[in-house]
Amino acid sequence: MLSLLDVSFNSLSGAISEKIGKSKLSIVFLSKNLLKEVPSTNHMSNLSYIQVIDLSSCNLGPRFPKWIQTLKNLTILNLFNTGISDTTPLEFWDMSPSQIAYMNLSSNDISGIVPDLSSNFANGSIIDLSSNNFCGPIPNVSSTMSVLNLSRNKFSGGISFICQIVGGLLSFLDLSHNSLTGQLPDCLWHFKDLRVLNLGHNNLFGRIPPSIGSLIELQVLYLYKNNFFGELPLSLKNCTSLISLNLGANKFSANVPVWIGENLSGLYVLILRSNKFFGTIPLQSCQLAKLQIMDLSINNFHGTIPSCLSNLTGMVQQGFSQDVQFHIPYFSETYVDHAMIEWQGDERSKVPLVIGESEGDGEDVDELHIWFYVGGGIGFVTGFWIACGGLLLNRRGRHAFFHFYDSFRDWVYVKVVVFISSLQKARQT
């Protein structure tokens with residue numbers, strides 16, 4: 163009896179056969195096809211054996227396939243980019259108690275309020291609801307999840323729920339591009355393995371809490387475009403694994419701490435633009451030997467730029483511009499701004515490179531993009547090993563695991579290659 167079906171990454175079209183509901187399949191990969199017209203609940207409800215199902219990039223919408231909630235043994239569910247424009251039934255969130263390891267509903271148009279997520283998920287679970295229209299407050303979540311991506315929705319309210327994630331497995335947290343308010347809670351001690359923290363493009367305010375220094379594995383901290391203020395906490399110097407630090411478009415007001423150069427020597431990206439920093443640029447910045455992008459524009463600095471910055475091995479150019487347009491083909495926008503930028507590369511460019519967000523309403527150039535994917539990949543893969551470790555104990559489980567792992571690895575590779583290629587082409591023009 164057939165137990166595994168993998169026809170992913172083809173150009174299959176038409177309807178998904180109703181006969182699939184009469185099989186004893188446990189693993190189904192139909193992703194990256196042109197399939198549509200999913201059979202009804204009556205035809206699919208007999209799939210009690212299904213543990214893994216990947217329908218990503220198939221045309222399932224606009225209605226949410228209610229038969230999904232009948233799969234009581236489901237462990238991995240991928241409905242990424244399936245054209246769903248609907249709400250999720252409450253029964254959907256109650257399925258498969260305590261055993262969902264991976265759920266991806268991203269890049270759809272799903273709306274409504276997300277109910278309690280504190281149960282129904284396995285230890286080390288991965289949840290991706292990004293790029294939808296979910297709204298309301300973020301619910302309680304599992305205390306032992308490893309990856310949570312709720313970015314690009316319409317969530318509102320505070321983020322005190324993160325204090326419930328005490329399992330120590332969280333490696334990736336992205337709440338960016340929502341309407342979240344309130345302060346960042348001082349309860350970050352539990353996140354010893356957190357690699358990526360993205361809270362950008364919200365309405366958060368207050369000071370960065372001292373417990374930020376507990377994130378000793380943190381590689382990407384992205385707080386861009388909020389209302390954080392005050393000085394940077396001294397404890398932040400303990401985050402020595404940081405490769406990208408973006409605090410731009412906030413209301414920080416102080417001297418740039420000397421410990422950024424002394425302690426955060428692994429930084430590739432440092433963005434402090436559009437704040438109220440003052441004083442001089444510390445000489446200790448010259449210790450950031452790996453730095454490739456530095457943006458200190460639109461602050462209140464005075465004095466001279468330390469000449470030693472031009473000696474950093476990761477830099478090749480420093481430039482000033484007040485009306486330079488720099489277009490990155492990978493993105494659709496052209497960004498105009500004045501910035502002091504340092505850029506890494508093999509050849510010196512004659513045109514100052516300017517990356518940043520204009521003072522208008524346009525989106526920012528996400529200069530973190532490449533590092534976010536890299537950091538996200540690390541966090542994702544770490545969590546994925548934890549979440550799916552049990553699947554590796556059997557042959558079909560191993561096949562399912564490595565199928566997902568390879569797909570994600572290829573996605574990260576493509577993103578990084580396209581980004582680098584775009585930058586190289588832009589520098590040659």
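For the sequence shown, our numbering assigns the number 163 to the initial residue and increments by one for each residue that follows.
Glycine included, each C-beta is placed from N, C-alpha and C at the ideal position.
Given the structure is predicted, the values throughout are model-derived calculations rather than measurements.
For residue j and residue i, the rounded distance between their alpha carbons
i: D216; j: R357; result: 27 Å
i: Q231; j: N302; result: 21 Å
i: F353; j: G428; result: 20 Å
i: S520; j: P251; result: Confidence is the limiting factor: at S520 the pLDDT is only 38, short of 50, which leaves the residue's position unreliable, though a coordinate-based value still follows. About 41 Å.
i: D278; j: G330; result: 20 Å
i: L196; j: R225; result: 17 Å
i: M265; j: N295; result: 17 Å
i: L346; j: L239; result: 31 Å
i: V486; j: I467; result: Caution applies to V486, whose pLDDT of 30 falls short of 50 and renders its modelled position unreliable; the model cannot decide the point.
i: V214; j: N311; result: 20 Å
i: R435; j: D457; result: 6 Å
i: K234; j: K228; result: 13 Å
i: S127; j: N270; result: The chain is shown only over 163 to 591; residue 127 falls outside these bounds and no answer can be derived.
i: K316; j: S268; result: 14 Å
i: S308; j: S281; result: 14 Å
i: D168; j: G375; result: 45 Å
i: L530; j: Y386; result: For L530, the predicted model reports a pLDDT of 42, less than 50, meaning its position is unreliable; a value from the coordinates is still stated below. Their backbone Cα atoms lie some 10 Å apart in a straight line.
i: F172; j: G223; result: Reading off the sequence, residue 172 comes out as Asn, not Phe. Whole-angstrom Cα-Cα distance: 20 Å.
i: N612; j: W421; result: Since the displayed the chain opens at 163 and closes at 591, residue 612 lies outside it and no answer follows.
i: S287; j: L337; result: 17 Å
Residue i vs residue j beta-carbon contact at 8 Å
i: N425; j: N461; result: no
i: I455; j: V418; result: no
i: R318; j: C297; result: In the sequence as displayed, the identity of residue 318 is Ser instead of Arg. Yes. Within cutoff.
i: D365; j: Y384; result: Reading off the sequence, residue 365 comes out as Asn, not Asp. Not closer than 8 Å, so no.
i: G344; j: I370; result: no
i: D248; j: I272; result: yes
i: S218; j: F242; result: yes
Cβ separation of residue i and residue j, assumed to be a contact under 8 Å, to the nearest whole Å
i: P444; j: G423; result: 6 Å
i: F439; j: F414; result: 6 Å
i: T237; j: I262; result: 7 Å
i: S313; j: N360; result: 7 Å
i: F390; j: G368; result: 7 Å
i: L192; j: S170; result: 6 Å
i: V328; j: S305; result: 5 Å
i: K194; j: Y211; result: With a Cβ gap of about 24 Å, K194 and Y211 do not count as contacting.
Nearest residue (CA-CA) to residue i, options the options
i: I324; options: L342, L241, N315; result: L342
i: N400; options: L366, L380, S165; result: L380
i: C470; options: Q449, S269, L458, F463; result: Q449
i: N340; options: W255, P299, V328, M307; result: P299
i: S472; options: L458, S447, S459; result: S447
i: L332; options: E253, W351, L396; result: W351
i: L398; options: N412, S173, K387, V382; result: V382
i: P395; options: L377, E253, G274; result: L377
i: G392; options: L453, N221, A416; result: A416
i: N412; options: K186, H363, L187; result: H363
i: H459; options: I433, L453, S373, A451; result: It should be pointed out that residue 459 corresponds to Ser in this sequence rather than to His. Nearest option by C-alpha distance: I433.
i: T442; options: K452, F463, A451, L453; result: F463
heavy atom of the ligand ADP below 7 Å from residue i C-beta
i: S247; result: Among the components of this structure there are no ligands whatsoever, and the ligand ADP is therefore not found.
Entirely within the region 297-342 and at least 3 residues each: give me those beta strand (DSSP E) ranges in chain order.
-> Listed in chain order, they are 309-311, 316-319, 334-336.
Mind listing, in chain order, the continuous alpha helix (DSSP H) runs of no fewer than 4 residues lying wholly within the region 376-434?
-> Whole alpha helix (DSSP H) segments, 4+ residues: 421-425.
Residue ranges of each beta strand (DSSP E) within the region 267-291, 3 or longer = Taking 3 residues as the shortest admissible run, the region 267-291 contains the following complete beta strand (DSSP E) segments, listed from N- to C-terminal end: 273-275, 283-290.
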